[in-house]
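Protein chains in written order, with our numbering: chain A, 395 to 735; chain B, 395 to 735; chain C, 395 to 735; chain D, 395 to 735. Backbone N, C-alpha and C define an ideal beta-carbon position, used for all residues, glycine too.
There are 4 protein chains.
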Amino acid sequence: METIKIGVAGLGRLGLIHVDNISTLKNVELTAISNLDEEVNKLIQKKYEVPYTYTSYEDMIQNNELDAVCIVTPSGFHPQHIQSALEQNLHVFCEKPIGLDVKDIKDTIETIEQSDRVFHLGFMRRFDNDYLYAKDMIDRGDIGDISIIRSYGIDPIDGLESFVKFAQKSPSGGIYLDMSVHDIDVIRWYTNSEIKKVWATGSNKAAPELAELNEVDIGTVTMQLENDVTAFLVAGRTASHGYHVETEVIGTKGMLRIAATPDKNKVTVFNENGVVRPTLQNFPERFREAYMDEMKDFVRCIRDNTNPSITAWDGLRSTEVAAACQRSFEEDALVEIQYEG
Amino acid sequence: METIKIGVAGLGRLGLIHVDNISTLKNVELTAISNLDEEVNKLIQKKYEVPYTYTSYEDMIQNNELDAVCIVTPSGFHPQHIQSALEQNLHVFCEKPIGLDVKDIKDTIETIEQSDRVFHLGFMRRFDNDYLYAKDMIDRGDIGDISIIRSYGIDPIDGLESFVKFAQKSPSGGIYLDMSVHDIDVIRWYTNSEIKKVWATGSNKAAPELAELNEVDIGTVTMQLENDVTAFLVAGRTASHGYHVETEVIGTKGMLRIAATPDKNKVTVFNENGVVRPTLQNFPERFREAYMDEMKDFVRCIRDNTNPSITAWDGLRSTEVAAACQRSFEEDALVEIQYEG
Amino acid sequence: METIKIGVAGLGRLGLIHVDNISTLKNVELTAISNLDEEVNKLIQKKYEVPYTYTSYEDMIQNNELDAVCIVTPSGFHPQHIQSALEQNLHVFCEKPIGLDVKDIKDTIETIEQSDRVFHLGFMRRFDNDYLYAKDMIDRGDIGDISIIRSYGIDPIDGLESFVKFAQKSPSGGIYLDMSVHDIDVIRWYTNSEIKKVWATGSNKAAPELAELNEVDIGTVTMQLENDVTAFLVAGRTASHGYHVETEVIGTKGMLRIAATPDKNKVTVFNENGVVRPTLQNFPERFREAYMDEMKDFVRCIRDNTNPSITAWDGLRSTEVAAACQRSFEEDALVEIQYEG
Amino acid sequence: METIKIGVAGLGRLGLIHVDNISTLKNVELTAISNLDEEVNKLIQKKYEVPYTYTSYEDMIQNNELDAVCIVTPSGFHPQHIQSALEQNLHVFCEKPIGLDVKDIKDTIETIEQSDRVFHLGFMRRFDNDYLYAKDMIDRGDIGDISIIRSYGIDPIDGLESFVKFAQKSPSGGIYLDMSVHDIDVIRWYTNSEIKKVWATGSNKAAPELAELNEVDIGTVTMQLENDVTAFLVAGRTASHGYHVETEVIGTKGMLRIAATPDKNKVTVFNENGVVRPTLQNFPERFREAYMDEMKDFVRCIRDNTNPSITAWDGLRSTEVAAACQRSFEEDALVEIQYEG
């Protein structure tokens with residue numbers, strides 16, 4: 395079996411997860427890393443015995459040994475990084491979103507569709523065993539037709555302070571584009587339907603200083619879908635108990651909940667606080683296996699020369715919906731979504 | 395201690411619960427019942443040793459022995475029944491709503507406010523120990539400021555067929571007026587704030603025949619409150635697992651859920667279906683104690699000559715909000731609420 | 395309906411529960427109390443409008459108005475108090491145990507059996523809705539034949555210090571007689587079988603000072619029953635999380651657990667401790683309804699002139715088994731039980 | 395990094411798990427398999443591209459390319475297979491138990507101790523994240539001193555019929571040696587103490603035909619430890635709901651439960667059965683990660699030239715205790731354990 399050689403661009407928190415996962419895959423080599431901070435590059439090179447390191451993405455993709463890149467750079471660079479990698483004939487794994495701007499994404503999709511390389515978009519929930527189990531139940535009709543979906547993504551509150559500092563320096567794009575896209579993708583995936591209308595609200599009671607940035611610490615979206623499903627989303631940065639990603643699907647024959655409580659493990663503690671389930675604290679912990687499985691799927695697609703089940707269009711749609719949510723919030727109004735192409 | 399003598403009007407499912415509860419209260423006598431069906435009256439008279447039975451409400455309230463009435467007649471009669479009871483100088487316990495029409499309710503409130511009799515409105519959740527425990531947590535600040543409330547009331551699906559038949563004969567007023575009022579009241583109670591704007595949606599996938607009645611088998615409402623809380627409601631008639639009344643409150647310092655699973659009791663069963671918690675099947679089972687406690691509170695108010703914590707205005711507000719939800723659903727639009735008085 | 399007049403003897407924690415319950419029953423009068431502390435008697439007399447108070451039990455039962463007594467005096471007095479009440483032709487509700495000594499209990503049973511009065515023994519778990527629900531499941535065969543039962547009764551640790559002081563003054567009889575009797579009764583009730591052999595162990599790591607009193611802060615019993623069921627009991631005084639009474643039944647077709655977590659209510663809290671279920675803190679809270687229901691059953695038996703389903707022999711058997719457990723612990727040996735009569 | 399080459403002996407259910415795990419490890423090669431069934435060998439060789447296949451274990455270990463073997467042959471062969479592998483200078487991973495007979499195990503330990511090769515014993519629970527999390531809590535003192543441990547291992551009932559057939563052909567050694575050894579090892583690991591005395595019971599109500607084989611379908615053991623801990627074990631073959639491995643630890647400051655319900659995943663289903671958690675169905679599903687992690691640990695020990703934390707003595711002790719349980723059951727008596735060496 396031939397070794398697939400991958401370069402990882404961007405060594406932030408999520409970049410390091412991909413580095414670690416790629417390094418453990420058999421017949422796969424973590425061949426290169428590119429990242430601005432040379433100190434970090436050295437550490438990672440040593441730890442994982444990485445042959446090449448770069449401070450420039452464009453330099454890295456010139457490396458002829460590479461078969462593929464994994465793009466974990468800031469979202470604004472994604473369109474350019476995807477396009478130049480495909481031009482170098484590299485397979486591309488790219489973290490969500492494809493870009494910040496619908497126009498850029500559309501252009502990028504054109505390049506993707508003209509290329510014969512694999513393009514894999516990082517919506518890891520589609521590779522999470524719990525989400526897959528629920529998807530199977532839904533597709534088998536176990537809960538009948540879907541009437542309502544509810545999906546939460548609430549980050550731990552101990553990250554709120556650093557988010558505020560970060561947002562004061564550079565705009566996050568808003569909580570819907572930053573966080574709700576995962577829930578939006580789940581809703582499209584589970585219902586096979588598009589979102590027609592949205593109403594977004596939000597507040598910033600935990601971090602009132604966000605008001606002047608036009609940011610919220612917790613937001614909601616209510617959505618009406620083509621197929622008459624109503625969806626309700628919460629995206630927040632204020633969970634005292636950990637990292638709360640939960641999805642509920644109400645059907646005509648039953649309902650199901652994924653991670654109604656974000657249990658860390660199978661241990662229950664009985665102490666002076668009551669009966670306590672320790673909780674998952676962050677996305678690396680919650681989606682550890684899913685990140686691994688999506689990377690395995692990327693490698694499988696390269697080997698089998700197939701396309702992943704999730705497409706760049708899915709990425710575009712999520713961004714379009716999230717952008718409509720942001721507009722709804724800003725205008726305090728119901729927004730009907732107009733889709734591209 | 396003097397015996398308080400109560401007459402119950404209307405011997406439907408909920409009327410019989412009140413009959414049973416009143417009959418077990420010490421120093422309280424179930425003195426009269428009024429109900430159209432004489433057969434039922436005879437059975438109840440015998441079972442509870444009721445001194446007087448009537449087929450006419452107006453006849454019953456002429457009975458000079460009575461101190462109070464408990465009105466469980468169809469909602470359309472409530473305004474008239476409340477007013478004539480107060481004119482007879484009777485204390486009044488009335489099931490929600492005060493009336494179907496805002497104008498009627500306003501008139502009734504005038505009568506109530508001119509009377510020195512106790513007027514007690516049947517929002518039993520305010521007497522439920524779980525709801526009270528959560529209210530205490532909120533008021534103590536245990537979960538900080540409220541950002542979001544989610545509240546579900548979903549009836550068991552085995553009642554859907556009979557609901558459809560019933561709705562075909564006489565309009566229910568819509569799911570929001572019929573069911574969501576309880577959730578609306580909880581939201582107002584927990585937040586001490588009024589609802590500004592609503593968007594209601596709904597579908598009828600479990601009972602498509604409801605479409606021609608302009609009814610839904612499950613509906614949602616998203617609400618914006620004066621104090622920047624967002625609330626999300628589900629009212630439905632399609633729960634396969636039983637009677638699902640659940641409320642979640644997300645605050646800046648924590649969140650809580652009341653009855654996230656509608657457990658029937660403390661028993662867990664491990665069988666071929668998995669690990670199973672048997673579920674509550676209906677409102678009499680879920681709110682058994684709350685119905686008793688609200689009746690005790692009614693009696694206490696009469697004895698102590700005090701007013702209940704819940705007022706007729708609370709009843710009016712819930713109806714106004716529910717009516718706005720119905721309009722939002724019909725117009726498929728955001729509706730801003732204009733309050734009376 | 396004639397009023398039944400009851401006197402309560404002993405106004406400790408449990409006595410006051412019975413006082414409160416009796417006082418709310420319709421057509422029942424709390425006619426007398428007897429208790430050593432006159433201060434307490436006055437307070438209770440005032441609060442509940444009790445006609446008669448006594449500092450002597452024997453004086454109270456001379457009161458000709460009384461129909462029945464509720465005996466909540468120290469266990470050592472039970473045989474004498476039961477016998478003198480029956481001689482006065484009074485119906486008797488007596489808290490467990492019937493006596494501390496098998497001989498005394500046997501003599502008391504003789505008196506009970508010669509009397510036509512109702513004798514009701516306070517094993518409240520038999521009136522608890524959760525235990526009754528499980529009993530129904532077992533009797534219906536839902537879980538097949540019983541192979542194993544596990545039953546825990548663990549008191550909250552905040553009572554440990556006062557228990558130690560109490561035990562230093564007067565012997566408790568050991569944890570098996572003091573606490574395990576409830577579990578023993580459940581096992582006999584659920585299996586319809588007698589216990590053949592026991593092995594009891596215990597330790598005092600939370601309160602080492604109990605060693606010199608030959609007491610333990612937590613003990614276990616393993617039991618073999620006639621019908622080949624094995625039972626495992628824990629009785630303790632060290633629960634940090636509250637009052638933990640749990641019973642598990644493993645059958646050939648399924649298993650069930652009663653109160654696997656001692657949830658206080660239906661509220662779940664998500665806070666910095668994790669996902670938390672608040673817990674029941676003591677027996678009055680856990681068995682509030684069961685205490686009421688057993689008192690209602692006592693009254694029903696008096697009115698209907700029937701015998702309660704639980705008999706004095708059940709009381710004797712529990713004590714015989716608990717005594718065998720204590721001997722097993724002291725001798726560190728398997729003990730076969732010889733039953734009286 | 396040098397490639398470590400491993401041969402796997404025995405391709406039963408567990409052998410195939412090890413084959414699969416070894417094949418995914420980086421810098422590790424699944425170099426050989428030995429197994430009686432040539433058909434199976436061919437399939438596995440093809441699926442995993444295994445260089446060598448054998449029908450004889452002794453032939454396989456002659457292969458000079460091998461660095462290590464993974465022994466998953468029937469337990470009776472373990473002593474001989476371990477010893478001949480060590481003589482060939484191979485590192486050894488061996489499934490529990492080291493042998494069926496205490497004398498054989500002692501002899502094998504001597505060989506192990508004279509060798510400088512890694513010997514790794516397959517007690518996978520020591521590598522399970524939930525068990526490790528609880529171990530950390532215990533070692534940190536979070537729950538104080540341990541008073542009681544309860545540990546269950548109950549196989550799904552759908553394997554009972556085939557077990558009966560299997561047991562009719564060849565004796566299983568009894569449920570304590572077959573199943574309880576895992577619980578015994580957990581107890582020794584968590585308490586750092588040895589078991590002094592045991593009392594074992596059992597019944598065969600689900601499979602009465604086991605009686606004539608002197609086998610039980612469910613058994614219990616009560617144990618007294620040197621450090622005054624009492625442990626209670628259940629081993630069974632009758633779980634209707636799946637694969638139930640649960641451990642509880644009661645300490646002086648708190649208690650914890652590992653897998654009180656054997657949840658398959660994070661999904662909760664609300665349907666006509668109630669609120670349902672789907673359950674784990676078998677040991678490969680429950681301990682998937684633990685099997686992988688113990689194999690990684692074996693490889694790490696080989697590379698680092700260190701000994702695993704679990705030793706052959708742990709294997710001997712578990713077997714000695716389980717044998718004492720079997721004797722206790724057969725003699726229906728308390729048995730004090732005499733340890734070797």
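Next item on the list: Determine the contact status of E588 (chain C) and L607 (chain C), defining contact as a CB-CB distance below 9 Å.
Entry: For the pair E588 (chain C) and L607 (chain C), the CB atoms are not nearer than the 9 Å cut-off.
Check: Residues bridged to V463 (chain B) by DSSP?
Finding: V463 (chain B) pairs with B:G401 and B:V486.
Notebook entry, point to check: Looking at the structure shown, is G516 (chain C) part of a helix, part of a strand, or coil, going by DSSP?
Noted result: Judged by DSSP in its simplified three-state form, G516 (chain C) adopts strand.
Next item on the list: Taking only beta carbons into account, state which residues of the region 511-536 of chain B come closer than 7 Å to chain C, listed in chain order.
Entry: Listed in sequence order: N523, D524, Y527 and A528.
Note to self: Along the chain, where does the beta strand (DSSP E) containing N665 (chain A) start, and where does it finish?
What the structure shows: V661 to N665 is the span of the beta strand (DSSP E), which, as asked, contains N665 (chain A).
Note to self: Quick check on DSSP: helix, strand or coil for P550 (chain B)?
What the structure shows: If DSSP states are grouped into helix, strand and coil, P550 (chain B) belongs with the strands.
Note to self: Between the alpha carbons of E603 (chain D) and V558 (chain D), how many angstroms are there, rounded?
What the structure shows: Approximately 8 Å between the Cα atoms of the pair.
Next item on the list: Throw me the rounded Cβ distance for the L674 (chain D) and Y637 (chain D) pair, which I believe falls under 8 Å.
Entry: Right, their Cβ atoms sit about 5 Å apart.
Check: Can you name, in chain order, every residue of its own chain whose Cβ lies under 6 Å from the Cβ of H635 (chain D), other than the five neighbours on each side?
Finding: Excluding sequence neighbours, H635 (chain D) sits near T673.
Check: Q508 (chain A): buried (16+ other C-beta within 10 angstroms of its C-beta) or exposed?
Finding: Sixteen is the threshold: since fewer than 16 other Cβ atoms of the shown chains lie within 10 Å of the Cβ of Q508 (chain A), the residue is exposed.
Note to self: Between V661 (chain C) and chain B, is the shortest Cβ-Cβ distance under 9 Å, so that the two count as touching?
What the structure shows: For V661 (chain C), the nearest beta carbon of chain B is closer than 9 Å to its own beta carbon.
Item checked: Contact residues within the region 629-648 of chain A, judged by C-beta distance below 9 Å to chain B -> Within the region 629-648 of chain A, the residues whose Cβ lies closer than 9 Å to some Cβ of chain B are G630, T632, A633, S634, H635, H638, I644, G645, T646, K647 and G648, listed in chain order.
Checklist line | Contacts that F664 (chain B) makes with chain C (C-beta to C-beta distance below 8 Å) | finding: Ordered by position in chain C, the residues that pass the 8 Å Cβ test against F664 (chain B) are G648, M649, L650 and R651.
Check: Hey, how far is the Cα of A654 (chain B) from the Cα of V496 (chain D)?
Finding: Cα-Cα distance, rounded: 53 Å.
Checklist line | Neighbour list for Q618 (chain B) in chain A, Cβ cutoff strictly below 7 Å | finding: Proximity of chain A to Q618 (chain B) at the Cβ level (cut-off 7 Å) is accounted for by T595, in chain order.
Item checked: Distance, G404 (chain D) Cα to N429 (chain D) Cα -> Spanning the two alpha carbons is a distance of roughly 5 Å.
Notebook entry, point to check: Between which two residues does the beta strand (DSSP E) containing A629 (chain B) stretch?
Noted result: Counting along the chain, the unbroken beta strand (DSSP E) around A629 (chain B) starts and ends at T624 to A633.
Check: Do the region 589-599 of chain B and the region 609-625 of chain B touch if we need at least three Cβ pairs shorter than 8 Å?
Finding: Between the region 589-599 of chain B and the region 609-625 of chain B, the count of C-beta pairs closer than 8 Å reaches three or more; the two stretches touch.
Item checked: Interface residues of chain C facing I542 (chain D) [CB-CB closer than 7 Å] -> The answer, in chain order, is I612, T614 and V628.
Margin query: Under DSSP, the beta strand (DSSP E) around G668 (chain D) begins and ends at which residues?
Written below: First-last of the beta strand (DSSP E) with G668 (chain D): G668 to R671.
Check: What are the residues that DSSP puts in a beta bridge with R544 (chain D)?
Finding: The partner list for R544 (chain D) (beta bridge, DSSP) reads D:F626 and D:E642.
Next item on the list: Determine which residues of the region 703-732 of chain C have a Cβ less than 9 Å from any Cβ of chain D, and write them out in chain order.
Entry: Taking 9 Å as the cut-off between beta carbons, the residues of the region 703-732 of chain C near chain D are D726, A727 and L728, in sequence order.
Next item on the list: Look at the alpha carbon of S722 (chain C) and the alpha carbon of A629 (chain C), and state the distance between them as a whole number of angstroms.
Entry: So the two alpha carbons sit approximately 15 Å from each other.
Check: Hey, A462 (chain C) and V444 (chain C): beta-carbon distance below 9 Å or not?
Finding: For A462 (chain C) and V444 (chain C), no; Cβs fall outside 9 Å.
Next item on the list: Report the neighbours of A654 (chain D) on chain A: residues whose CB is nearer than 7 Å to its CB, in chain order.
Entry: At a beta-carbon threshold of 7 Å, the residues of chain A lying near A654 (chain D) are T662, ordered along the chain.
Margin query: By the DSSP assignment, the alpha helix (DSSP H) with G535 (chain C) in it spans what residues?
Written below: Under the DSSP assignment, G535 (chain C) falls outside any alpha helix (DSSP H); it carries neither an H nor an E label.
Checklist line | Other residues of its chain near I542 (chain D): CB distance less than 6 Å, five sequence neighbours each side excluded | finding: The answer, listed in chain order, is T624 and I644.
Next item on the list: Report, in whole angstroms, the separation of the C-beta atoms of S469 (chain D) and G493 (chain D), which I expect to be a contact under 8 Å.
Entry: Correct: roughly 7 Å between the Cβ atoms.
Item checked: Cβ pair R631 (chain D), L728 (chain D) closer than 9 Å -> No; because the gap between Cβ atoms is not below 9 Å, this pair is not in contact.
Check: Counting only beta-carbon atoms, is D622 (chain A) nearer than 9 Å to chain B?
Finding: Output row for D622 (chain A): interface = yes.
Checklist line | Chain-ordered chain D contacts of T418 (chain A) [CB-CB under 7 Å] | finding: For a Cβ distance threshold of 7 Å, residue set K420 of chain D lies close to T418 (chain A), ordered along the chain.
Notebook entry, point to check: In chain order, what residues of the same chain have a beta carbon less than 7 Å from the beta carbon of C695 (chain B), not counting five sequence neighbours either side?
Noted result: Cβ neighbours of C695 (chain B) beyond the five flanking positions: V512, H514, N701 and P702.
Checklist line | Alpha-carbon spacing of D501 (chain B) relative to D510 (chain B), whole angstroms | finding: Rounded to the nearest whole angstrom, the CA to CA distance from D501 (chain B) to D510 (chain B) is 16 Å.
Margin query: Let's test the definition: count the other Cβ atoms within 10 Å of the Cβ of P473 (chain B) and tell me whether it reaches 16, buried, or not, exposed.
Written below: By the neighbour-count criterion, in which 16 or more other beta carbons inside 10 Å mark a residue as buried, P473 (chain B) falls on the buried side.
Margin query: Would E640 (chain C) and Y546 (chain C) qualify as a contact pair, given that the criterion is a beta-carbon distance under 9 Å?
Written below: Yes, they are a contact pair.
Notebook entry, point to check: In chain A, which residues lie with their C-beta within 7 Å of the C-beta of D579 (chain B)?
Noted result: Against chain A, the beta carbon of D579 (chain B) has no neighbour under 7 Å; the closest one sits roughly 20 Å away.
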